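Asks:
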Amino acid sequence: MSDTLDVVLRLLAVFVVFLVLPLAIGQTEHKVMAHMQGRLGPMYAGGFHGWAQLVADGVKFAQKEDVVPAGADRRIFQLAPAVALLPYLLVLVAIPVGPGNAVGQVVDAGIFFVLAVMGVGVLGSLMAGWASANKFSLLGGLRTAAQLMAYELPMLLTAASVAMAAGTVSLPGIVDAFHWWWIPWQIVGGVVFFIAGLAELQRPPFDMPVADSEIIFGAYTEYTGLRFALFLLSEYAGIVVLCGLTTVLFLGGWHGPFGADGLGWLWTLLKTALLAFVIIWLRVTYPRLREDQLQKLAWTVLIPLSLAQIALTGVVKVVIQ
Amino acid sequence: MSPFPGSGLAKGLAVTLRTMTKRTVTAQYPDVQPELPPRTRGVIGLFEENCTVCMLCARECPDWCIYIDSHKETVPPAAPGGRERSRNVLDRFAIDFSLCMYCGICIEVCPFDALFWSPEFEYAETDIHDLTHERDKLREWMWTVPEPPALDPAAEEPKEIAAARKTAEKLAAQEAAAAQEQEKKEGEA
């Protein structure tokens with residue numbers, strides 16, 4: 001009985017985090033982006049500095065008509081938002097926030113599970129692009145596919161580098177094996193992982209698949225109402241997952257300079273929040289990469305860098321043994 | 322070329338971060354009234370007492386948006402045996418702000434300082450006919466006219482003050498000369 005309760009509580013906690021953190025990041029993006037552009041951002045919704053803007057947006061989306069184009073592949077079209085969103089929920093279950101068993105569910109092959117499931121999320125965009133019966137959607141979907149192809153590889157390679165360093169593929173195991181000098185050792189891998197993850201989420205400056213000035217909104221062009229909102233939510237949930245993963249793999253998760261006992265989860269959250277801020281910061285600062293630049297960056301810069309990181313990891317690992 | 326590759330990227334990040342720490346430029350207008358500079362051309366106010374119905378404003382107005390009606394009244398002579406005087410009395414003074422192009426020529430030409438710029442600007446209407454504002458409304462706007470801004474510290478004196486000061490100095494000099502003469506006379510006596 002208590003086992004069942006434990007599972008239910010854990011899943012409930014993960015679900016609450018899954019609903020709250022993306023909204024918090026979205027609101028932060030509203031405000032941070034506005035101030036970086038000399039604006040104030042939302043000020044009315046909710047009374048105090050527009051804190052309820054995203055709630056208001058959600059209400060608006062819920063009121064809209066759910067339109068499915070006549071020529072669309074109905075079932076696939078309607079299923080796509082769920083396919084885009086749910087993988088991030090599953091990944092969140094496996095990300096450890098604190099020492100011990102402060103994790104939704106310990107998965108032995110954590111890295112494999114997390115990266116495989118994250119790759120599924122992109123399938124949602126592909127399905128949406130194909131099923132919409134719209135040329136812009138199809139273009140967006142194909143670009144998404146090309147981007148997934150290009151950036152999944154460096155992501156996997158750098159994650160493999162960390163797994164090599166730790167000697168385990170379990171996420172809590174990796175954080176347990178972490179020492180502070182891993183940061184300079186794995187810095188290149190960390191940056192590559194973060195950039196590749198950013199590209200996989202189709203966040204600016206890698207938002208060529210949804211480039212609104214040329215292909216409207218890519219795979220999401222035909223979506224309205226709640227289904228569109230789910231796609232947006234999946235983008236922000238993706239940010240949470242990516243930042244959490246980068247924290248766990250490269251920044252030492254719950255390890256911090258002080259407050260090791262009991263406050264570990266706070267360190268994880270703090271590092272995740274900092275990375276989320278960096279994602280917003282990059283979005284405000286850089287213009288969108290062209291499709292060919294995007295591919296070039298992955299194949300000629302990120303992949304060689306991640307291979308070099310693996311070589312470095314291997315050499316250091318052999319030397320310290 | 323930049324000294325090392327990627328410095329431009331860092332510079333871009335610095336720009337956005339610096340902007341974030343600065344004050345925003347957003348004007349929260351309906352909540353916070355804007356701070357308008359002096360001589361703002363919001364609306365035209367009428368100081369009725371100064372108007373002599375000379376019609377200069379109405380005639381100079383490029384788009385004929387000023388309406389003036391008046392009648393003549395005779396005033397009894399000021400002194401017994403004098404001549405009766407006649408003067409114009411203003412019946413209607415209206416400005417059609419749907420025509421007005423805010424050139425300010427009427428204010429410039431008014432020889433008796435009866436028209437003024439007011440910074441008031443919130444007088445939108447839902448019907449274009451309601452934009453013709455009569456004298457009572459123009460009078461109300463008169464009370465929103467700000468004091469003229471102070472002159473620059475190094476500016477020339479205003480003409481009327483200069484003239485008054487010159488007269489006063491002349492008077493003082495005369496008095497002083499008279500007093501001196503009197504002293505001299507008293508000394509001789």
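In order, the protein sequences belong to chains A and B. Per this note's numbering, the first sequence starts with residue 1, numbered consecutively. Per this note's numbering, the second sequence starts with residue 322, numbered consecutively. Even for Gly, the Cβ is constructed at its ideal location relative to N, Cα and C. None of the values given here were measured: they were computed from a predicted structure.
1) By Cβ distance below 7 Å, which residues in the same chain neighbour A/Tyr-236 in space, the five residues on each side in sequence not counted?
2) For A/Pro-172, count neighbouring C-beta atoms within 10 Å of its own C-beta (all shown protein chains included) and say buried if the count is 16 or more, exposed if not.
3) Comparing C-alpha positions only, which one of A/Leu-142, A/Val-32, A/Thr-313, A/Thr-28 sits nearest to A/Gly-190?
4) Quick one, are the C-beta atoms of B/Thr-453 and B/Ala-415 less than 8 Å apart?
5) Helix or strand or just coil, what does DSSP make of A/Arg-95?
6) Do the region 374 to 383 of chain B and the region 336 to 348 of chain B meet, that is, are 3 or more Cβ pairs less than 8 Å apart?
7) Thinking just about the alpha-carbon of each residue, which of A/Leu-156, A/Ala-160, A/Ala-177 is nearest to the one in A/Ala-166?
8) If you reduce the DSSP assignment to three classes, tell me which class B/Val-364 lands in.
9) Step through the CB atoms of chain A and report whether any lies within less than 8 Å of the CB of B/Gly-366.
10) Confirm, please, whether the CB-CB distance from B/Thr-347 to A/Leu-40 is below 8 Å.
11) Please report the distance separating the alpha-carbon of A/Trp-281 from that of A/Val-210.
12) Going by beta carbon distance, what residues of the same chain come within less than 6 Å of A/Phe-194, once the five residues before and after it are set aside?
13) For B/Lys-393, list the residues DSSP reports as bridge partners.
14) State yes or no: is the beta carbon of A/His-35 nearer than 8 Å to at least one beta carbon in chain B?
15) Which partner residues of A/Ile-280 appear in the DSSP bridge assignment?
16) Under a Cβ-count criterion, where at least 16 other Cβ atoms within 10 Å of its own Cβ denotes burial, should B/Phe-418 be classed as buried or exposed?
17) Can the beta-carbon of A/Ala-160 be found less than 8 Å from the beta-carbon of A/Ile-310?
18) Just to make sure I have the definition right: I need the residues of chain A whose C-beta is within less than 8 Å of the C-beta of B/Gly-333. Which are they?
19) Does the region 110 to 128 of chain A come into contact with the region 81 to 94 of chain A, if we say contact requires no fewer than three beta-carbon pairs (one atom in each stretch) closer than 8 Å?
20) Counting only Cβ pairs nearer than 8 Å, list the residues of chain B close to A/Gly-238.
21) On the three-pair Cβ rule with 8 Å, is the region 460 to 471 of chain B touching the region 422 to 432 of chain B?
22) Taking 8 Å as the threshold (C-beta atoms), are A/Ala-94 and A/Gln-295 in contact?
23) B/Val-346 CB to nearest chain A CB: under 8 Å?
24) Please decide whether B/Met-341 counts as near chain A, where near means a Cβ-Cβ distance under 8 Å.
25) Just how far apart, CA to CA, sit A/Ser-132 and A/Gly-110?
26) For B/Gly-329, is the classification buried or exposed, using 16 other Cβ atoms within 10 angstroms of its Cβ as the cut-off for buried?
27) Take A/Arg-283 and list the residues in its own chain whose beta-carbon comes closer than 8 Å to its own, dropping the five residues that flank it on each side.
28) Helix, strand or coil: how does DSSP classify B/Trp-438 here?
Replies: Looking at the atomic coordinates:
1) Sequence-distant Cβ neighbours of A/Tyr-236 in its own chain, meaning closer than 7 Å and more than five residues away, are Pro-22, Ile-25, Gly-26.
2) Buried, because 16 or more other Cβ atoms sit within 10 Å of the Cβ of A/Pro-172.
3) Closest by C-alpha distance to A/Gly-190, out of A/Leu-142, A/Val-32, A/Thr-313, A/Thr-28, is A/Thr-313.
4) A contact, by the Cβ cut-off of 8 Å.
5) As written in the sequence, residue 95 of chain A is Ile, which differs from the Arg given in the question. For A/Ile-95, the secondary structure class from DSSP, reduced to helix, strand or coil, is coil.
6) Fewer than three Cβ pairs drawn from the region 374 to 383 of chain B and the region 336 to 348 of chain B lie within less than 8 Å of each other, which leaves the two stretches out of contact.
7) Closest option to A/Ala-166, judged by alpha-carbon separation, among A/Leu-156, A/Ala-160, A/Ala-177: A/Ala-177.
8) In the structure shown, B/Val-364 adopts extended strand secondary structure according to DSSP, grouped into three states.
9) At a cut-off of 8 Å between C-beta atoms, B/Gly-366 does not count as an interface residue with respect to chain A.
10) Yes; because the gap between Cβ atoms is below 8 Å, this pair is in contact.
11) The straight-line gap from Cα to Cα measures roughly 19 Å.
12) When the five nearest sequence neighbours on each side are left out, the beta carbons in the same chain lying within less than 6 Å of the beta carbon of A/Phe-194 are those of Thr-246, in order along the chain.
13) When DSSP reads this structure, B/Lys-393 sits in a beta bridge with B/Asn-409.
14) A/His-35 counts as touching chain B.
15) For A/Ile-280, which the question treats as bridged, DSSP gives no partner whatsoever.
16) So B/Phe-418 counts as buried.
17) Taking 8 Å as the Cβ cut-off, A/Ala-160 and A/Ile-310 qualify as a contacting pair.
18) Within 8 Å Cβ-Cβ: Thr-285, Tyr-286.
19) The region 110 to 128 of chain A, when compared against the region 81 to 94 of chain A, does touch it at the 8 Å Cβ threshold.
20) Per Cβ cutoff of 8 Å: no residues; A/Gly-238 is ~22 Å from chain B at best.
21) Touching, no, given that fewer than three Cβ pairs across the two stretches are closer than 8 Å.
22) Going by C-beta atoms, A/Gln-295 is not nearer than 8 Å to A/Ala-94.
23) The beta carbon of B/Val-346 falls within 8 Å of a beta carbon belonging to chain A, placing the residue at that interface.
24) Among the residues facing chain A, B/Met-341 is included, as its CB has a counterpart in that chain under 8 Å away.
25) Rounded to whole angstroms, the gap between the alpha carbons of A/Ser-132 and A/Gly-110 is 34 Å.
26) Burial call: exposed.
27) A distance below 8 Å between beta-carbons, with the five flanking residues on each side excluded, links A/Arg-283 to the following residues of its chain, in chain order: Glu-29, Met-33, Arg-203, Pro-204, Pro-205.
28) Correct three-state label for B/Trp-438: strand.
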